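One structure is given here, and the rest of the page talks about it.
Protein chains: 2
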Amino acid sequence: MEIRSLVFKALADPTRRAILDRLREGDLNAGDLAAGFDIGKASISHHLNLLKQAGLVKARRQGQQQIYTLHTTVFQEALQWLMNFPTQPTPPTPPKGSEKSGRNGPLG
Amino acid sequence: MEIRSLVFKALADPTRRAILDRLREGDLNAGDLAAGFDIGKASISHHLNLLKQAGLVKARRQGQQQIYTLHTTVFQEALQWLMNFPTQPTPPTPPKGSEKSGRNGPLG
DNA sequence: TTGATATTTTGAAAATTTTCAAAATATCAT
DNA sequence: ATGATATTTTGAAAATTTTCAAAATATCAA
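Chains P and D, in that order, give the protein sequences. Just so you know, the first sequence maps onto residues 1 to 108 in my numbering. Just so you know, the second sequence maps onto residues 109 to 216 in my numbering.
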C-alpha cells in the first residue's frame with residue numbers, strides 16, 4: 001500500500017489518533033499506552049504496528065520495554081497534500097469549460 | 109461515526125483522493141468523474157457518497173446530472189488537527205518523567 | 001406517456017480490519 | 001537455567017469495505 005493511503009488510514013481510527021495525541025505529551029512504552037484504553041494489549045500492538053508502517057511512530061527498545069515516539073516527518077507530508085486544497089468553496093463554475101483564475105491556498 | 113474519522117477515512121482511499129484531485133481543477137458531474145477510473149459507476153457513486161458524508165464534497169443537480177464540487181471547510185479542520193503535531197522528531201525524552209519545554213509547531 | 005440518458009440503490013461476493021484469547025518471543029533478575 | 005514481566009504474533013470470529021451486476025429512480029425530449 002502506498003504511504004499516503006497508509007498515513008490517512010492510520011489517522012482514520014480514533015484509537016490510533018488517541019495514541020498519537022498521548023505521544024505528543026511524551027514518549028510512552030506499549031504497556032502504559034495500552035493502559036489508557038478499553039481494548040486489549042494485543043489490539044494496541046496491532047494499532048502501533050499500523051502506525052509504524054505509516055511512519056507516524058518509531059519504537060526503540062529500552063530493556064524489556066518498547067518505547068514509542070512520534071515521528072513527525074510524515075505529518076508534514078500529509079499536511080502538504082492537504083494544503084493543496086483551496087480554502088474557499090469553489091465559486092460556481094460552469095462544469096466543463098473551466099476558466100482558471102488565481103486560486104486560494106488553505107488558511108487564507 | 110465522528111466527523112474526524114470520516115474525513116481521514118475518506119482520504120485514505122486512492123480512488124477518493126484522485127476524485128478530490130480532479131475536482132480541484134473544476135466541478136464535474138458523476139459520469140465524467142467515473143469515466144476517469146477503471147471501476148464501475150456504482151462504485152464511484154459509493155465513493156462520492158462517502159466523500160459527501162465526510163463533508164469533503166457537495167453535489168448539486170443540474171438537469172439530469174449531479175455536479176460535484178469540493179467543499180473545503182473540512183480540509184481546514186483536518187489541517188488544524190495535523191498542525192498540532194511537532195515537526196521535529198521528539199528529542200529522546202526519558203519515558204515517564206517528562207519535562208516539557210517549548211515545542212515546535214509544524215513546518216518551522 | 002414512452003424512451004433515452006444519468007445516477008443511485010440493492011443484493012451479494014471477496015477482501016480487509018478490528019478484536020480477543022492463547023501461545024510465542026524477548027529481556028531481566030536470580 | 002528458571003521464573004517473572006513486557007510485548008508481539010497467531011488463529012479465529014465479527015464487522016466493515018469495496019466492488020459488480022441488476023434494478024430502481026430522476027430528469028429530459030418527443
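All residues carry an ideal CB built from backbone N, CA and C; glycine is no exception. Please read these numbers as outputs of a predicted model, since none were measured by experiment.
Counted within 10 angstroms of its Cβ, other Cβ atoms place residue i as buried (16 or more) or exposed
i, result
"P:Lys41", "exposed"
"D:Thr177", "buried"
"D:Lys117", "buried"
"P:Ala34", "buried"
"P:Ile19", "buried"
"P:Asp27", "buried"
Per-residue DSSP class, three states only, for residue i
i, result
"P:Asn84", "coil"
"P:Ala59", "strand"
"P:Thr69", "strand"
"D:Ala162", "coil"
"D:Ile111", "helix"
"P:Asp13", "coil"
"D:Phe145", "coil"
"D:Phe116", "helix"
Cross-strand partners of residue i (DSSP beta bridge)
i, result
"D:Leu136", "D:Tyr176"
Of the residues the options, the one placed nearest residue i, counting alpha carbons only
i, options, result
"P:Asp21", "P:Trp81, P:His71 and P:Gly63", "P:His71"
"P:Met83", "D:Ser113, D:Asn137, D:Gly134 and D:Ala186", "D:Ala186"
"D:Thr123", "D:Gly171, D:Leu158, D:Gln188 and D:Trp189", "D:Leu158"
"P:Val57", "D:Leu131, D:Gly171, D:Pro194 and D:Arg132", "D:Pro194"
Same chain, Cβ closer than 8 angstroms to residue i, five either side skipped, listed in chain order
i, result
"D:Arg169", "Ile175"
"P:Arg4", "Glu77, Ala78 and Trp81"
Cut-off 7 angstroms between Cβ atoms - residues of its own chain near residue i, not counting five sequence neighbours on either side
i, result
"P:Leu11", "Arg17"
"D:Ser153", "Ala138"
"D:Glu110", "none"
Nonlocal neighbours in the same chain, by C-beta distance under 6 angstroms from residue i, ignoring five residues either side
i, result
"P:Val7", "Ala54, Val74 and Ala78"
"P:Pro92", "Bear in mind that the predicted position of P:Pro92 carries a pLDDT of just 49, short of 50, making it unreliable; the figure below should be weighed with that in mind. Closer than 6 angstroms at Cβ, skipping near neighbours: no residue."
"D:Ala167", "Gln174 and Tyr176"
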